[in-house]
Amino acid sequence: MTPTVKVSLDEVRNLSYRILIQSGYNREHSEAIADMLYTCQLDDCQSHGVYRLLSCQSTMQAGKINGAAKPKVSSDESAIVKVDAQDGMSLLAFNSGLPLLVEKSKKYGLAAMAINHCFHFSALWPEVEKLSAQGLVGLSMVPSHAWVAPAGGKRGALGTNPIAFSWPRPGRHPFTFDFATSAFARGEIELYQRAQKPLPNHVAINAAGQPTTDPDEALEGAMLTFGGHKGSALAIMIELMAGPLINDLTSLGSLDFSDQIPGVAPYHGQIVLAFDPARFGYDPEDTDNDAAEHLFNEIVDQGARLPSQRRFAARATNLARGYVEIPQALYEDLKSLEG
Ligand code: NDP
Ligand code: PYC
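When we follow my numbering, the leftmost residue of the sequence shown carries the number 1, and every step to the right adds one.
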């Protein structure tokens with residue numbers, strides 16, 4: 001068992017904020033990033049919680065990110081919102097464009113937000129859940145760095161490319177999923193490496209293109225998509241939707257831009273879609289006649305679980321006890337960053 005330490009919820013946020021400020025992010029960015037890290041850590045999302053402070057610091061040290069960038073929101077009469085992150089971290093850009101995205105999706109029934117020129121390290125579920133919290137259906141995707149081989153290939157061409165979806169369920173937790181289209185997220189492989197644990201099969205190949213379960217070899221070789229050619233096609237769709245479609249970089253472009261400096265967050269765009277169910281004819285308040293709830297009940301009645309239930313349960317536990325547990329080695333690394 002990996003030794004862990006208990007960190008109070010306040011300290012998760014405060015430690016993150018202090019490290020971000022010391023690393024060179026301004027107050028607005030530090031607050032937006034610390035909020036994301038707190039939200040993920042609260043739900044025991046270890047690969048995208050406070051562990052990401054290491055990458056936030058390396059990204060700043062690499063000298064390409066603007067820690068004081070002021071995102072520029074623009075739009076015309078269409079249902080498209082554009083946010084230029086101005087080479088800052090994506091989170092403040094998302095928060096800046098969100099109100100207009102919500103307004104436009106209620107006006108048109110369906111709206112899209114394209115974020116450009118952002119560094120991006122985060123989980124997507126907290127963002128799509130900001131849409132479902134407003135009664136909207138949210139969908140988002142991003143590329144990353146070209147670490148993932150396409151099905152049948154031997155070298156990285158695609159990103160780990162997460163896709164997240166959230167469906168509002170008034171009075172309950174939303175139906176949300178959020179996953180990398182690689183078999184494992186890169187962050188998950190890094191956590192296996194830190195814990196010196198072998199990976200499962202079918203997650204990665206080594207630099208010679210042979211299957212490997214060694215995290216070091218996996219990080220030097222290429223990652224594999226989930227579901228073979230199906231995950232590969234989804235990952236390509238995400239490259240296109242959050243890359244060329246919105247006039248931004250693919251994961252290949254992002255990796256080039258990083259000069260392959262280890263730990264630097266990918267640099268690219270993000271697409272976020274919001275649907276207003278009322279405008280499509282769905283009434284989530286009509287609980288007697290709700291095909292969505294009928295479907296969820298049918299899934300749960302069989303003993304299967306809905307995605308995100310582990311997260312919601314972790315949140316309830318951590319809120320009740322007032323602390324989270326993080327690996328001791330990570331906590332020591334963070335304290336030394338702070339020092
Ligand atoms: P996981 O494989 O951990 O989880 C994927 C989803 O499946 C979650 O919604 C999870 O819910 C759900 N799930 C897991 N097991 C089951 C099950 N048995 N039955 C039903 N649902 C289940 O996610 P990944 O490791 O692929 O991704 C982790 C995070 O990394 C994501 O938040 C993603 O956005 C982020 N990421 C970000 C990238 C970026 O470039 N910014 C790149 C890649 C990943 P639950 O959480 O409740 O277990
Ligand atoms: O875990 O694959 C990942 C990842 C890439 C960028 C942020 N997280």
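The beta-carbon is built from N, C-alpha and C at its ideal position, and this holds for glycine as well.
Span separating the alpha-carbon of residue i from that of residue j
i      : j      : result
Asn247 : Lys230 : 25 Å
Asn14  : Leu224 : 36 Å
Trp147 : Arg194 : 19 Å
Leu191 : Ala278 : 42 Å
Phe280 : Leu100 : 20 Å
Asn318 : Val324 : 6 Å
Asn289 : Gln134 : 21 Å
Phe296 : Lys64  : 45 Å
Ala32  : Ile261 : 24 Å
Leu245 : Gly209 : 31 Å
Ile21  : Gln86  : 19 Å
Tyr17  : Gly24  : 11 Å
Ala233 : Arg321 : 42 Å
Leu240 : Gln270 : 11 Å
Asn201 : Gly156 : 18 Å
Leu334 : Pro168 : 36 Å
Glu220 : Ile205 : 9 Å
Pro211 : Gly227 : 16 Å
Gly143 : Leu124 : Checking the displayed sequence, the identity of residue 143 turns out to be Pro instead of Gly. When rounded, the distance between both Cα atoms is 12 Å.
Leu337 : Ser55  : 11 Å
Glu332 : Ala235 : 35 Å
Arg27  : Leu91  : 13 Å
Arg312 : Thr176 : Sequence check: residue 312 is Phe here, not Arg. So the two alpha carbons sit approximately 11 Å from each other.
Met36  : Ala164 : 15 Å
Residue i beta carbon near ligand 4 (any heavy atom closer than 7 Å)
i      : result
Thr160 : Annotation note on ligand 4: not contained in the displayed structure, which lists ligand 1 and ligand 2 as its ligands.
Whether residue i touches residue j by CB criterion (8 Å)
i      : j      : result
Pro174 : Glu129 : yes
Phe275 : Ser166 : no
Thr181 : Leu199 : no
Val272 : Gly159 : no
Val50  : Val12  : yes
Phe94  : Arg52  : no
Ala114 : Lys82  : yes
Ile48  : Gly187 : Checking the displayed sequence, the identity of residue 48 turns out to be His instead of Ile. Result yes, Cβ atoms of His48 and Gly187 sit closer than 8 Å.
His145 : Ser251 : yes
Arg305 : Leu42  : no
Leu19  : Gln57  : Reading off the sequence, residue 19 comes out as Ile, not Leu. Going by C-beta atoms, Ile19 is nearer than 8 Å to Gln57.
Check: residue i C-beta below 7 Å from any heavy atom of ligand 2
i      : result
Ser47  : yes
Gly339 : no
Gly187 : yes
Pro244 : no
Ala164 : no
Pro266 : yes
Ala180 : yes
Phe257 : no
Ser144 : yes
Any non-hydrogen atom of ligand 1 within 7 Å of residue i CB
i      : result
Leu124 : yes
Gln193 : no
Gln309 : yes
Val324 : no
His120 : yes
Quiz item: What alpha helix (DSSP H) runs, 4 residues minimum, are completely inside the segment 189-274?
Solution: 215-220, 229-241 and 251-257
Practice problem: Could you pull out every unbroken beta strand (DSSP E) segment of at least 3 residues lying fully inside the segment 28-87, listed in chain order? | Solution: 72-75 and 80-84
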